[in-house]
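Following: one structure in structure tokens, then a few remarks.
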Amino acid sequence: MQNDALVESFLKGEALSPEEARKKRTGLVWYGYCDRSSSMVVKELCAESDDDFRKTMWEPVRKLWGTTRLENVISLVASGLWCPIGLPESKKEAVAVGAKRIVDALIAKERAKVEREERIAHDAREKRACDAMEQEKQRLHQEELSSLFTDSDAKEAWE
734 MQNDALVESF LKGEALSPEE ARKKRTGLVW YGYCDRSSSM VVKELCAESD
784 DDFRKTMWEP VRKLWGTTRL ENVISLVASG LWCPIGLPES KKEAVAVGAK
834 RIVDALIAKE RAKVEREERI AHDAREKRAC DAMEQEKQRL HQEELSSLFT
884 DSDAKEAWE
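So the sequence shown is numbered by the numbering used here: it starts at 734 and just counts up by one.
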């Protein structure tokens, strides 16, 4: 039970200082350790990004490589070269599974948000089209009514 709490604690990430958070465009980092011989591969795995900003963090005091992107934790653990800090090697797989669960939930939440926004935009377009059709219907009706009465009819009606 305690190990599961350790995994959950690790998955929450470590908070960055406000200055680092501004520079890295995120507030959390996940650190781990690796052998010196594999540090360049781990560094690149930490850096993977989908927004052209490197996600690598180096902690010189503790000599740890980290990433500011939870998705990278999955590939870091899968590489077998990196182990999350504060956890035994036996919990690496639990970290990867937990990270995947969190990432999948975030992706599903983002997808639902996008679908909701698209549905709102679609409904607004439909409403504008219906309003335009209603205005055109009213205009045609007015035109039809005005064609029924000529100027002479109007003069007779006023006399």
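The C-beta atom is built at its ideal place from N, Cα and C for all residues, glycine as well.
Comparing alpha-carbon positions, which option in Glu781, Val775, Arg787 and Val830 lies nearest Lys756?
Selection Glu781, Val775, Arg787 and Val830 evaluated against Lys756 yields Arg787 as nearest (Cα-Cα).
Supposed contact pair Tyr764 and Gly813 - C-beta distance, whole angstroms, cut 8 Å
Wrong, their Cβ atoms sit about 17 Å apart, outside the cutoff.
Rounded distance between the beta-carbons of Ala780 and Leu761, thought under 8 Å
That belief does not hold up - the Cβ atoms of Leu761 and Ala780 are roughly 16 Å apart, past 8 Å.
Just grab the DSSP bridge partners of Glu747 for me.
Answer is Val762.
Is it right to say Met734 is buried, meaning 16 or more other beta carbons lie within 10 angstroms of its own, or is it exposed?
For Met734, the predicted structure reports a pLDDT of 45, less than 50, and the residue's modelled location is therefore unreliable. A value from the coordinates is still provided. Counting C-beta atoms within 10 angstroms of its own C-beta, Met734 has fewer than 16 neighbours from the protein chains shown and is therefore classed as exposed.
Could you have a look at Glu848 and say whether DSSP puts it in helix, strand or coil?
Reduced to three states, the DSSP call for Glu848 is helix.
Cα-Cα, which of Leu873, Val740, Ser880 and Glu876 is closest to Val806?
Ranking the options by Cα distance to Val806, first place goes to Val740.
With DSSP as the reference, label Leu797 as helix, strand or coil.
For Leu797, the three-state secondary structure derived from DSSP is strand.
Checking 9 Å against the spacing of the C-beta atoms, do Ile840 and Leu803 come in under that value?
No, these two residues do not count as a Cβ contact at 9 Å.
Short check: CB of Gly819 to CB of Leu744, under 9 Å?
Going by C-beta atoms, Gly819 is not nearer than 9 Å to Leu744.
Just to confirm the assignment, what range does the alpha helix (DSSP H) spanning Glu777 have?
Unbroken alpha helix (DSSP H) run through Glu777: Ser772 to Ala780.
According to DSSP, residues forming a beta bridge with Pro817:
In DSSP, Pro817 forms a bridge with Gly765.
Status (buried if at least 16 other CB within 10 Å, exposed otherwise) for Pro821:
By the neighbour-count definition (other C-beta atoms within 10 Å, threshold 16), Pro821 is an exposed residue.
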